[in-house]
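All remarks here apply to the structure that follows.
Residue numbers (our numbering): 255 to 527.
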């Protein structure tokens, strides 16, 4: 792979990973879309190693923004830490049991159709959330009920096209919790998810160590660019999302998701991909 191609591909991947990991539009859905439309091979070999590093970039972005909250998790009485652990369990269980089946479903001939349905579902969720959030009069502090609901929705978001941040924020908001609490908890929930993805991909590399050496000098330069972009765009996405949540203005995200859903339906109907 030439230097320009490596920088271009990794740069796009890093920017998309950083933005869509935290905006309510589904990072896995967009990466699947890239794979199908642009011909990106996101599985196996050297791309697995690049995916590992992109996840590292988004993890750095979360830590930079929420480092004080992360430190506070390990201070007594550890209530938020325990809620975070419990909220992570559903996605962990579903991921371990069904991740291969989910991947096979979206890699198949009807992958774009399923992706279209999931994008539309996320758009509908955000629309409902905006209507409910603007009518809230006395929101309460985030508690166990809200955290468990957010954890269950995070498991649903393992399907590409269903946004992790979007679905968890919707779940927390619909339980009546304060939007600021919901936002912070949702972003903290992303840490074990990203770490889990990181661990799975590292395990894949352990089984296929030659993938690292296959990248070459150009690949490493491109990957470095991608990681930097993942950090920058991840940071910007978090800051933007915090402002959006305070105003409960999800309409434009919903419109965007409907548009990309219709695009997937159209491409599937044409049978191009």
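Glycine residues also receive a C-beta, built at the ideal position from the N, C-alpha and C atoms.
What's the gap between the Cα of residue i and the Cα of residue j?
| i | j | result |
| --- | --- | --- |
| residue 462 | residue 263 | 22 Å |
| residue 443 | residue 329 | 18 Å |
| residue 297 | residue 311 | Residue placement at residue 297 cannot be trusted, given a pLDDT of 47 that sits under 50; what the coordinates show is reported in the next sentence. Approximately 19 Å, taken between the alpha carbons. |
| residue 440 | residue 363 | 33 Å |
| residue 271 | residue 308 | 7 Å |
| residue 401 | residue 492 | 20 Å |
| residue 415 | residue 521 | 16 Å |
| residue 450 | residue 274 | 18 Å |
| residue 425 | residue 457 | 32 Å |
| residue 221 | residue 331 | In the structure as shown, the chain starts at 255 and stops at 527, and residue 221 therefore has no counterpart that could be examined. |
| residue 314 | residue 485 | 6 Å |
| residue 507 | residue 514 | 11 Å |
| residue 299 | residue 367 | Model confidence at residue 299 stands at a pLDDT of 49, short of 50, so the residue's coordinates are unreliable; what they give is reported in the following sentence. C-alpha separation (whole angstroms): 27 Å. |
| residue 266 | residue 504 | 25 Å |
| residue 327 | residue 259 | 42 Å |
| residue 398 | residue 357 | 31 Å |
| residue 286 | residue 268 | 14 Å |
| residue 334 | residue 321 | 15 Å |
| residue 518 | residue 291 | 10 Å |
| residue 381 | residue 524 | 29 Å |
| residue 288 | residue 495 | 23 Å |
| residue 343 | residue 480 | 30 Å |
Assign residue i to buried or exposed, taking buried as 16 or more other Cβ atoms, counted over all protein chains shown, within 10 Å of its Cβ.
| i | result |
| --- | --- |
| residue 281 | buried |
| residue 278 | buried |
| residue 353 | exposed |
| residue 372 | buried |
| residue 317 | exposed |
| residue 355 | exposed |
| residue 460 | exposed |
| residue 220 | The question about residue 220 has no answer here: the residues shown for the chain are numbered 255 through 527. |
| residue 385 | exposed |
Please determine, among the options, the residue with the shortest C-alpha to C-alpha distance to residue i.
| i | options | result |
| --- | --- | --- |
| residue 351 | 426, 409, 490 | 409 |
| residue 499 | 353, 421, 486 | 421 |
| residue 406 | 290, 313, 337, 319 | 337 |
| residue 404 | 389, 430, 517 | 430 |
| residue 418 | 452, 427, 376 | 376 |
| residue 511 | 276, 412, 283 | 283 |
| residue 509 | 374, 428, 423 | 374 |
| residue 257 | 324, 435, 392, 470 | 470 |
| residue 393 | 261, 453, 428 | 428 |
Could you give the C-beta distance for residue i and residue j, rounded to a whole number, given that I count them as a contact under 8 Å?
| i | j | result |
| --- | --- | --- |
| residue 433 | residue 387 | 6 Å |
| residue 447 | residue 345 | 6 Å |
| residue 412 | residue 349 | 6 Å |
| residue 489 | residue 319 | 7 Å |
| residue 435 | residue 370 | Actually they do not touch by this definition, with Cβ atoms about 33 Å apart. |
- Query: Curious, which full-length alpha helix (DSSP H) runs of at least 4 residues does the stretch 388-456 contain?
  - Reply: With a minimum length of 4 residues, the continuous alpha helix (DSSP H) runs that stay inside the stretch 388-456 are 398-410, 418-428.
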